[in-house]
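In our numbering, the protein residues as written are 221 to 728.
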């Protein structure tokens with residue numbers, strides 16, 4: 221065998237496949253290029269995103285803002301929008317603080333911007349720091365009646381010269397418990413701001429008087445929520461001492477006797493009768509108790525109604541609260557006060573019955589405002605054994621007499637409303653249930669009708685309830701079930717799922 225053949229046989233064949241002699245520097249160079257492109261693209265994207273946000277915010281930022289709070293607690297509702305749409309006077313809203321330094325009022329500031337936008341140029345909003353510009357206090361309150369302080373808002377109308385101060389407690393409804401811990405009961409920003417606008421743009425302000433002298437309840441302590449509603453809707457609220465009074469004030473839109481324990485005197489009856497005959501309005505509120513009102517009932521004969529001495533009992537379990545026959549979920553039928561019937565959403569406790577008499581006159585209209593179900597009973601002197609037959613029992617009545625209207629001196633009808641429960645409007649009920657019930661709405665719409673308010677003024681803005689994140693205590697069985705689910709069932713399910721995935725993938 222030749223040497224050449226031996227050399228050929230000893231040659232080793234190279235394995236098939238990709239070439240092994242490529243320069244690794246070329247691969248590294250390509251990787252570096254891809255890395256550079258990725259970093260550059262990322263930086264460019266971030267820069268473009270920042271530029272877009274800046275331009276977008278400068279052009280459309282003020283137009284595209286939303287209230288993300290639950291229930292839109294700092295937004296303007298339909299009632300406020302209607303008032304702003306019909307606004308015919310200029311209004312100034314001045315925030316007494318440095319807008320660049322104040323942070324807790326950001327939501328209110330957005331709301332005020334919305335007010336200004338919706339008012340079509342009628343409302344201007346500005347912020348002045350009284351520490352730097354103390355003259356602003358004299359400018360907006362020359363007579364020293366409002367006494368605003370730093371952090372407040374002042375709503376002012378140059379045409380009427382009227383102003384109203386809105387403080388922190390007007391925006392947030394704060395209450396204190398028995399341990400003096402503050403609690404947020406409601407957000408009343410819209411209620412207060414719209415109410416202030418209504419107040420300062422109105423030429424006149426009607427007054428609601430609460431009488432004293434008959435052991436009435438203290439309205440400032442028991443009806444403070446209702447007083448706030450009245451003041452936010454262009455009403456003043458004052459006290460009226462009936463003792464030695466010769467004439468009911470001319471600015472009295474509605475007179476309220478809130479849960480008196482003593483009947484009126486003959487002189488007071490005549491005084492009230494004269495006031496009503498001139499187109500006045502009376503709201504009488506009374507629980508069931510031992511007090512009787514023969515003198516006042518003598519006046520009410522002319523209105524075909526009567527304050528009874530009966531206690532009302534609810535026979536239907538569907539209209540009881542917590543199955544208590546004397547705490548009722550009353551019915552507000554459709555009436556001059558209630559536009560659409562509200563069935564079972566008015567809470568009434570310890571109700572006194574109110575009667576419609578048979579002294580029918582064509583110029584007197586009487587209608588129920590609040591009733592029990594058709595299974596209601598009237599207990600004579602509170603004795604269950606002396607009960608009436610089951611029927612709708614009257615908790616509140618409205619009587620309207622046109623007999624005194626002459627078209628010249630007297631242009632308004634005389635109105636009397638009897639309400640058989642003082643707890644109906646009590647702060648404790650309104651605080652506990654808030655806007656879930658019709659109680660506050662019933663009071664407001666009743667006052668509006670009694671005060672002869674026109675339809676555009678009968679606009680009720682409810683306070684907005686804050687969201688509670690408190691976890692209520694559950695039953696022991698529920699707690700055990702929750703613990704088993706969270707600590708055993710869910711971890712076991714995750715473990716089984718993990719084992720299943722592991723067995724599927726371990727041979728891949």
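Cβ atoms here follow ideal geometry from the backbone N, Cα and C, with glycine treated the same way. Quantities reported herein were computed from a predicted structural model and do not represent experimental measurements.
Query	Result
C-beta contact flag for residue 415 and residue 452 at 9 Å	yes
Within 9 Å, strictly: CB atoms of residue 574 and residue 616	yes
Range of the contiguous beta strand (DSSP E) that encloses residue 621	614–621
Paired residues, beta bridge with residue 503 - DSSP	476, 637
Cβ neighbours of residue 653 in the same chain (closer than 8 Å, five flanking residues each side left out)	567, 659
Residue 441 burial status per 10 Å Cβ neighbour count (16 or more: buried)	exposed
Nearest-angstrom Cβ-Cβ length linking residue 525 and residue 500, presumed shorter than 8 Å	That belief does not hold up - the Cβ atoms of residue 525 and residue 500 are roughly 16 Å apart, past 8 Å.
Cβ-based burial, residue 424 [other Cβ within 10 Å; buried from 16]	exposed
Beta carbon of residue 533 nearer than 9 Å to that of residue 597	yes
One or two residues paired with residue 360 in a DSSP bridge	Partner(s): none; residue 360 has no beta bridge.
Whole-number beta carbon distance between residue 343 and residue 311, since they are thought to touch under 8 Å	5 Å
Closest residue to residue 516 among 487, 554, 696, 710 (Cα-Cα distance)	487
The region 446–460 contacting the region 402–415, beta-carbon criterion three pairs below 8 Å	yes
C-alpha gap between residue 476 and residue 538, whole angstroms	32 Å
Where residue 171 falls, given that 16 or more other Cβ within 10 Å makes a residue buried	The structure shown does not extend to residue 171, since the chain is modelled only from 221 through 728, so no value can be given for it.
Residue from 396, 369, 401 with nearest C-alpha to residue 387	369
Selected residue, minimal CA-CA separation from residue 521, among 307, 348, 671, 580	580
Whether residue 345 touches residue 332 by CB criterion (9 Å)	yes
Distance CB(residue 671)-CB(residue 473) smaller than 9 Å	yes
Assigned exposure category for residue 604 - 16 Cβ within 10 Å defines buried	exposed
Run of the beta strand (DSSP E) containing residue 528, from where it starts to where it stops	525–534
Between the CA atoms of residue 304 and residue 485 - distance to the nearest angstrom	47 Å
Residue range of the unbroken beta strand (DSSP E) whose run includes residue 458	456–461
Helix, strand or coil at residue 572 according to DSSP, with G and I counted as helix	strand
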